[in-house]
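**Q**
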Amino acid sequence: MKPFLYLVIYKQWKQYLLLFGILLSSLGLIWVLQKTINQTFHIPIAIQDLDQSANSKTLIKQLKQEPILEVSTLPLDDDYIEESVTKKEAVISMQIPENYSSQLEQNDLQEAILLYGRDDFIGNISLEIVSQSLYNQQIPYLVHTHVQEADTNVSINQVKSKLTDKTPTSNVDFRSLHTSSNRSLSMSIIFGLLLCISSVQILLHHNLKQNAPLQRLYLAPFSKLKLYGLYIAAHTIVLLIILWLSALLMHQQLSITFYLATLFVIIIYELGISWLLFTINTLSHRLFMALIYALAITLIYIYLQF
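Those letters in the sequence shown? Residues 124 to 429, per our numbering, in order.
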């Protein structure tokens, strides 16, 4: 066993460090990219306020307070507000008409707001948020109308004040789930990318493919099994460490079932990589086949998470 340890481990320790460094750097890059995407995800909407009233400014203020929205204002002389959407500068472009305040007071906002938007999932989310803000602004006037119909002399300001005082503060009892998961699509995608990147080991360990020494080594009983087994075990340990670090970095609670399933995938993956390394003579062919094989294993691994 000592010759195999010397050949696969001792003589290749720099390559293992380099492989670990490449995978760790790739993981760090994925983490930074994920953080950047999460921090910069906002839905841009453009608003043209032709009314310039207290009510229209209140509506814009309410929309600006939505954490997911990024509100920009359009010039009053812009006659083509839909271009903000067609040029992909905004998901929704809306126009507050000149008589918005009076229509709001008369509870007559049907077809008052001119709005252009993308016909997709993000556009529907934006439309829902805008509709909710419009509805919230109409509530005091709806209540005021019903109060007047009951022959009660109450001003709209009194209604607004009463609604503000009586509206309860909504507190959502959010509880994060810390139970370990048997499946994780996001984690499988991240680790699948790292598996593809780890195919660089074909280049790092290319000097192991020496036909004459290997032929002499294979004369010993079970030598091929020992060579393949040691190579697979060493790289499996490296990839398991990377998987564990990935779970820590991405705050993933994964069960032992997930780790065992991933271990099985890693062994199958390394079995194919080791066969390519010790069997295919041409380096370019080995590298190409390793990339295709890594991609196939990654797709199967991700599919199993559904």
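Heads up, the beta-carbon is just placed ideally off N, CA and C, and yes, glycines get one too. Owing to the predicted nature of the structure, the values given are computational and were not obtained by experimental measurement.
Within its chain, find whatever has a CB closer than 8 Å to the CB of leucine 250; leave out the 5 residues flanking it on each side and keep chain order.
**A** Only Ile215, Leu238, Gly240 meet the Cβ criterion.
**Q** With DSSP collapsed to three states, give me the class of glutamate 205.
**A** Coil, per DSSP.
**Q** Nearest to glutamine 338 by CA position, among Leu410, Val253, Thr402, is which residue?
**A** When each option's Cα is compared against that of glutamine 338, the closest is Thr402.
**Q** Who pairs with methionine 412 in a beta bridge, going by DSSP?
**A** Partner(s): none; methionine 412 has no beta bridge.
**Q** Taking the straight line between their C-alpha atoms, what separation do you get for lysine 158 and isoleucine 360?
**A** Distance between the alpha carbons of lysine 158 and isoleucine 360: 28 Å.
**Q** Should the segment 414-427 be called in touch with the segment 305-320, which here means at least 3 C-beta pairs below 8 Å?
**A** Touching, per the Cβ criterion.
**Q** For the beta strand (DSSP E) containing proline 167, name the first residue and the last one.
**A** Proline 167 -> beta strand (DSSP E) spans 166-172.
**Q** Please classify leucine 199: does DSSP put it in a helix, a strand, or coil?
**A** Leucine 199 falls in the coil class under three-state DSSP.
**Q** Using CA coordinates, which residue listed in Ser224, Asp242, Ile245 is at the minimum distance from glutamine 261?
**A** Ranking the options by Cα distance to glutamine 261, first place goes to Ser224.
**Q** From this set, Asp231, Arg409, Tyr133, which residue's C-alpha is nearest leucine 326's C-alpha?
**A** The shortest C-alpha separation from leucine 326 is found at Arg409.
**Q** Within a Cβ cutoff of 7 Å, which residues of the same chain sit near leucine 400, ignoring the five residues on either side of it in sequence?
**A** Excluding residues within five positions, the ones whose Cβ falls inside 7 Å are Ile325, His328, Leu331, Lys332, Arg409.
**Q** According to DSSP, what are the bridge partners of valine 194?
**A** Ile168.
**Q** Could you tell me whether the segment 137-150 touches the segment 357-371, using the rule of 3 or more Cβ pairs below 8 Å?
**A** Because the criterion of three Cβ pairs below 8 Å is met, the segment 137-150 and the segment 357-371 touch.
**Q** Any contact between the segment 125-145 and the segment 347-357? By contact I mean 3 or more CB pairs, one from each, below 8 Å.
**A** At 8 Å Cβ cutoff, the stretches touch.
**Q** Could you give the C-beta distance for serine 304 and glutamine 226, rounded to a whole number, given that I count them as a contact under 8 Å?
**A** Not a contact, Cβ separation roughly 51 Å.
**Q** Between the alpha carbons of isoleucine 379 and proline 336, how many angstroms are there, rounded?
**A** Roughly 41 Å between the two C-alpha positions.
**Q** With respect to the alpha helix (DSSP H) encompassing tyrosine 341, which residues constitute its N-terminal and C-terminal limits?
**A** Counting along the chain, tyrosine 341 falls outside any alpha helix (DSSP H), and DSSP gives it neither H nor E.
**Q** How is phenylalanine 297 classed by DSSP in three states: helix, strand or coil?
**A** The predicted model places phenylalanine 297 with a pLDDT of 47, which falls under 50 and marks its position as unreliable; any figure quoted below should be read in that light. Of the three classes helix, strand and coil, the one that applies to phenylalanine 297 here is coil, per DSSP.
**Q** Here's the rule: buried if 16 or more other CB atoms are within 10 angstroms of the residue's CB, otherwise exposed. What is glutamine 175?
**A** So glutamine 175 counts as exposed.
**Q** Return the CA-CA distance between glutamine 171 and tryptophan 154, expressed in angstroms with no decimal places.
**A** So the two alpha carbons sit approximately 38 Å from each other.
**Q** Could you tell me which residues DSSP puts in a beta bridge with leucine 238?
**A** Bridge partners of leucine 238: Met217.
**Q** Out of Leu186, Ile415, Leu386, which has the shortest C-alpha to C-alpha gap to asparagine 259?
**A** Looking at the Cα atoms, Leu186 is the closest of the given residues.
**Q** Using DSSP's beta-bridge definition, name the partner residues of serine 304.
**A** BP columns for serine 304 point to Leu377.
**Q** On the criterion of 16 or more Cβ atoms from any shown chain inside 10 Å, does tyrosine 392 qualify as buried, or is it exposed?
**A** Tyrosine 392 should be labelled buried.
**Q** Smallest Cα separation from leucine 371: which of Val323, Gln135, Leu142, Leu150?
**A** Comparing Cα positions, the closest option is Leu150.
**Q** So which of Ile168, Thr385, Leu427, Leu257 has the shortest CA-CA distance to threonine 196?
**A** It is Ile168.
**Q** Just mark tyrosine 426 as buried or exposed, buried being the case when its beta carbon has 16 or more other beta carbons within 10 Å.
**A** Exposed: under 16 other Cβ atoms inside 10 Å.
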